[in-house]
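Taken in order, the sequence shown gives residues 1 to 175; the numbers are from the numbering used here. We treat Cβ as the ideally placed atom computed from N, Cα and C, and that holds for glycine. Structure record follows, encoded as structure tokens.
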Amino acid sequence: MGHGATASHANSVALGQGSATTRGAQTGYNAAYVGSSNSTGEVNVGGRTITGVAPGIAGTDAVNVNQLTAGVNHAINIANQYTDNRINELQSDVWTMDRGYRGATASAMAMAGLPQAYLPGKSMLAVGFGGYQNEFGMAVGLSGITENGRYVYKVQASGNTVRDWGFSVGAGIQW
């Protein structure tokens, strides 16, 4: 339709002045994102804009720019929400781990601060406190040395403001 329009392929239409079809019906070709497809012909409008296109309903209908933009924006919003949620979860996990490490450091400092018995035949019950970057730890320990001074033992436990606890047991022989 139109001056100089040429539709020389099977089941094809050329619309507008100078429009020409370049291919006819095709079978068994791979369409983008669809797989193997068949076509019944071609419509060529000679590079003109088709206006007033209603929103498509069926899977094989054409879409207009408003539909396409809305679909893309919807997909972007869903992707952004997913990404934001994952980042927030990751931030929460990092904060929990960071706080746990700070609590463990405070506990270790409290245990390291426990004094130990140093005279043969003596024992010592000790308490220690430690702090690290707004977390605090407390430790209780019992240590002793045998009468002959050859064997040393130490038992200690700790807790912290993160509500974690730990313990250690050690024994040694000296000569």
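Could you tell me the distance, in whole angstroms, from the CA atom of N85 to the CA atom of I78?
11 Å
Where do the ends of the alpha helix (DSSP H) carrying Q156 lie?
-> First-last for Q156: 151 to 160, but that is the beta strand (DSSP E), not the alpha helix (DSSP H).
Check your understanding: Anyone know if the C-beta pair for T96 and E135 falls short of 7 Å?
Key -> no
Quiz item: Quick one: Cα of G100 to Cα of W165, how far?
Solution: 11 Å
Whole-number beta carbon distance between Q156 and G172, since they are thought to touch under 8 Å
Rounded, the Cβ-Cβ distance is 14 Å, inconsistent with contact.
- Task: Out of K122, G130, G121, P120, state which residue places its alpha-carbon closest to the alpha-carbon of S107.
- Result: G130
In whole angstroms, give me the CA-to-CA distance for Q116 and Q174.
15 Å
For this session: Verify whether the separation of the beta carbon atoms of S158 and G137 is less than 7 Å.
Result: yes
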